[in-house]
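Okay, structure first, notes after.
Number of protein chains: 2
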Amino acid sequence: MGETSRSRETGTLGKLMALLDLVALADRPMRFTDILALSDQPRGTLHRQLSHLVEEDLLETDREGRYLPGIRLLHLASRSWARNEFRMVAEPHLRVLQGQTGETVHLGVLRGDEVIYLDKVEGRQSVRMYSQIGNASPAYCTGVGKAALSALDDLDLKTRLSGMVFHPYTEYTHRDIESLLEDINVIRARGHAFDLEEHESGICCVAAPIHSDDGTLAGVSVTGPAYRVTSEKLQEWAPLVRGAAASIMQDMHSRLGPRR
Amino acid sequence: MGETSRSRETGTLGKLMALLDLVALADRPMRFTDILALSDQPRGTLHRQLSHLVEEDLLETDREGRYLPGIRLLHLASRSWARNEFRMVAEPHLRVLQGQTGETVHLGVLRGDEVIYLDKVEGRQSVRMYSQIGNASPAYCTGVGKAALSALDDLDLKTRLSGMVFHPYTEYTHRDIESLLEDINVIRARGHAFDLEEHESGICCVAAPIHSDDGTLAGVSVTGPAYRVTSEKLQEWAPLVRGAAASIMQDMHSRLGPRR
DNA sequence: AAATTCGGTTCCGAATAATGGAACTTTTTA
DNA sequence: TAAAAAGTTCCATTATTCGGAACCGAATTT
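Residue numbers (the working numbering), protein chains in the order written: chain E, 1 to 260; chain G, 1001 to 1260.
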């Protein structure tokens, strides 16, 4: 008892990071009062906390005094991305998969009930190649997310998704956990997941789970517009996607195992 | 006196962020003892600090207990990058400049004595398009850096660069602040900066300063291999680079000014 | 096999930093 | 010009961090 759901506050840092999330992940600069309304801190406390985040360059203020994400975040992330071992191991396989299918290939890892995209390979390098990298999407309505979830057993799954809100993005989005669990069961049996316009209208994908032996849950997917990426195509690609996932897992294993 | 150089510690957050820098910006996973040697914290303290960073997903541990950057950094950074107003305003101009010159175009902002790259446009999308974004380089030996520095007066400049170590990357790298200041004077008079293999052998560039009216110092540059990007080419491109910088500043101004 | 070192973790009184209510200043609105 | 709202500073109280020392387990040495 006592612990309401999953609200561990890691002391000072936890509070500051929650505040950083609030401001940095918002989609526009926020004024002090906006933040005050959303955080439940007293004025004095909030003011000092924001000052500290600005002092550390995790937030910045524009000339109107509004708060927005600081450049230090970008710096920290770039190194971590560039040297991410999982991403490096997976990359060549993503390229192969892209070549085989001609469509966009994603690599995403599960974090809580969300998927965070670690890499993306597109055929024709379109306008903003990296637009997706680092983005978070709900696990329950994305191919990569459902694939990753399928590697958990029902108990873990329910724990992880407790409190999840099933937002109806499209008419095909899962409405509740029962519906999702049914889907997951099929995915487990079959070895790959489909996303048929569940997150975004007109976008379909096929994905396979990756579970690294350090406990990381992730997935690879091939994604494209529904008019081009038909059910038949997705079926046809499923073995390729599963193959890519298998290769990535094997490379991870042989790369990390021996060094032990 | 008292304040040794510029070592403000923002209480708890400052210490934790210094530690995060140490671990996340390292180029390999670090064991507890490695970190202990580099940070000057007592064992107990360090252990708790690392635990907090891991708890908050700013760091992770691999199966050997070594510490490495966490995925939350990537998530925070992606939103901040995607919504960065300066970058959005600059982007079309970077593309134009890329088209005009055929070489790689960079956008970087000054942070302390370093430049952090905010965007990059390449002609032929080479292997890792985004490899550079978020990376930091010393200001004194990069085109973008020197251009940005040239917008400061000598006093600010000396303050900012006090304590700077002039690492000799190549035989052309500035060795001391006097040499740099001479160069900066020329840059100020001329309106653009050259980097003739000062940071990396075989790489040259021409850059122009950008100063937003919110005090941000930044720069645009066109960069390429010395064998292709000759002095004549750089001379020829200088007006184009200055033009791009001017357009970016104007767009920033007209975008932000009216809203005031 | 026993002893020792090494790498990492836990504990708890003392030291330090964060908290938050209230007073104060500046800016905006009426 | 007054009044309200927004933002900032102060400081006694409270909570958190600090850090030395003890502890644990695994690997290494004797």
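Ideal placement from N, C-alpha and C gives every residue a C-beta, glycine not left out.
Considering only the beta carbon of each residue, do residue i and residue j sit closer than 8 Å?
i: Glu-56(E); j: Gly-1014(G); result: yes
i: Ser-1150(G); j: Ile-1210(G); result: no
i: Gly-1219(G); j: Gly-1108(G); result: yes
i: Ala-18(E); j: Pro-69(E); result: no
i: Leu-110(E); j: Asn-84(E); result: no
i: Met-164(E); j: Asp-113(E); result: yes
i: Leu-1180(G); j: Asp-1154(G); result: no
i: Trp-116(E); j: Ile-1184(G); result: A small fix is needed here, since residue 116(E) is Ile in this sequence, not Trp. Taking 8 Å as the Cβ cut-off, Ile-116(E) and Ile-1184(G) do not qualify as a contacting pair.
i: Ala-1338(G); j: Lys-1146(G); result: Because chain G in this structure spans residues 1001 to 1260, residue 1338(G) falls outside the shown range and cannot be described.
i: Leu-1053(G); j: Leu-1046(G); result: no
i: Asn-12(E); j: Thr-104(E); result: What sits at residue 12(E) in the sequence shown is Thr, not Asn. Contact: no.
i: Gln-1049(G); j: Leu-1016(G); result: yes
i: His-253(E); j: Ala-1136(G); result: no
Which residue wins for smallest C-alpha separation from residue i, given the options the options?
i: Gly-1102(G); options: Ser-1221(G), Leu-1016(G), Asp-1027(G); result: Ser-1221(G)
i: Leu-1217(G); options: Ala-1026(G), Ala-1148(G), Ala-1077(G); result: Ala-1148(G)
i: Ser-1201(G); options: Val-1144(G), Val-1109(G), Tyr-1169(G), Gly-1219(G); result: Tyr-1169(G)
i: Gln-132(E); options: Arg-1160(G), Trp-1081(G), Gly-1163(G), Val-1144(G); result: Trp-1081(G)
i: Tyr-1227(G); options: Leu-1073(G), Asp-1027(G), Cys-1204(G); result: Cys-1204(G)
i: His-1106(G); options: Ser-1212(G), Pro-1239(G), Val-1229(G), Val-1206(G); result: Val-1206(G)
i: Asp-1241(G); options: Glu-1182(G), Ala-1208(G), Asp-1214(G); result: In the sequence under discussion, the amino acid at residue 1241(G) is Val, which differs from the Asp named in the question. Ranking Glu-1182(G), Ala-1208(G), Asp-1214(G) by Cα distance to Val-1241(G) puts Ala-1208(G) first.
i: Gly-93(E); options: Val-121(E), Leu-74(E), His-75(E); result: Note on residue identity: the sequence assigns His, not Gly, to residue 93(E). Of Val-121(E), Leu-74(E), His-75(E), the residue nearest in Cα terms is Val-121(E).
i: Phe-1086(G); options: Gly-1224(G), Asp-1214(G), Thr-1061(G); result: Asp-1214(G)
i: Asp-172(E); options: Pro-42(E), Leu-196(E), Gly-11(E); result: Before going further, note that residue 172(E) is Tyr rather than Asp in the sequence given. Residue Leu-196(E) is the option with its Cα nearest to Tyr-172(E).
i: Arg-95(E); options: His-253(E), Ala-244(E), Arg-255(E), Ser-254(E); result: Ala-244(E)
i: Leu-1020(G); options: Leu-73(E), Ser-212(E), Lys-158(E), Ala-238(E); result: Leu-73(E)
i: Arg-1255(G); options: Leu-1152(G), Arg-1063(G), Ser-1212(G), Thr-1061(G); result: Ser-1212(G)
i: Tyr-67(E); options: Arg-43(E), Gly-44(E), Leu-22(E); result: Leu-22(E)
i: Val-1144(G); options: Thr-1010(G), Gly-1044(G), Ala-1238(G); result: Ala-1238(G)
i: Gly-1191(G); options: Gly-1065(G), Pro-1225(G), Leu-1152(G), Asp-1062(G); result: Leu-1152(G)
Can you give me the start and stop residues for the beta strand (DSSP E) that residue i sits inside?
i: Glu-114(E); result: 114-121
i: His-1211(G); result: 1203-1211
i: Gly-1219(G); result: 1217-1225
i: Arg-95(E); result: Unbroken run through Arg-95(E) is the alpha helix (DSSP H), 85-101; no beta strand (DSSP E).
i: Ala-1193(G); result: 1193-1196
i: Ala-77(E); result: Here Ala-77(E) belongs to no beta strand (DSSP E); instead the alpha helix (DSSP H) covers 71-82.
i: Ala-1136(G); result: 1136-1138
Since residue i is in the alpha helix (DSSP H), which residue starts that stretch and which ends it?
i: Val-1023(G); result: 1011-1024
i: Ser-162(E); result: First-last for Ser-162(E): undefined, no H or E at that position.
i: His-106(E); result: No alpha helix (DSSP H) holds His-106(E); the beta strand (DSSP E) holding it covers 104-111.
i: Ala-37(E); result: 32-38
i: Thr-45(E); result: 43-55
i: Glu-1060(G); result: No alpha helix (DSSP H) contains Glu-1060(G), which is instead part of the beta strand (DSSP E) from 1059-1061.
i: Ala-1148(G); result: 1143-1149
If you count every other CB in all the chains shown that lies within 10 Å of the CB of residue i, and 16 or more means buried, which is it?
i: Ser-1051(G); result: exposed
i: Ser-1078(G); result: buried
i: Leu-38(E); result: exposed
i: Met-1088(G); result: exposed
i: Gly-298(E); result: Outside the displayed range of chain E (1 to 260) lies residue 298(E), so it cannot be described from this structure.
i: Glu-198(E); result: buried
i: Asp-27(E); result: exposed
i: His-1167(G); result: exposed
i: Ala-189(E); result: exposed
i: His-174(E); result: buried
I want to check one thing, is the minimum distance from the CB of residue i to the heavy atoms of the ligand MN below 7 Å?
i: Asp-1156(G); result: No copy of the ligand MN appears in this structure; indeed no ligand is present at all.
Contact the segment 90-101 of chain E vs the segment 1132-1142 of chain G: 3+ CB pairs below 8 Å: no
I want to know whether the segment 243-254 of chain E touches the segment 1030-1037 of chain G - three or more CB-CB distances under 8 Å. no
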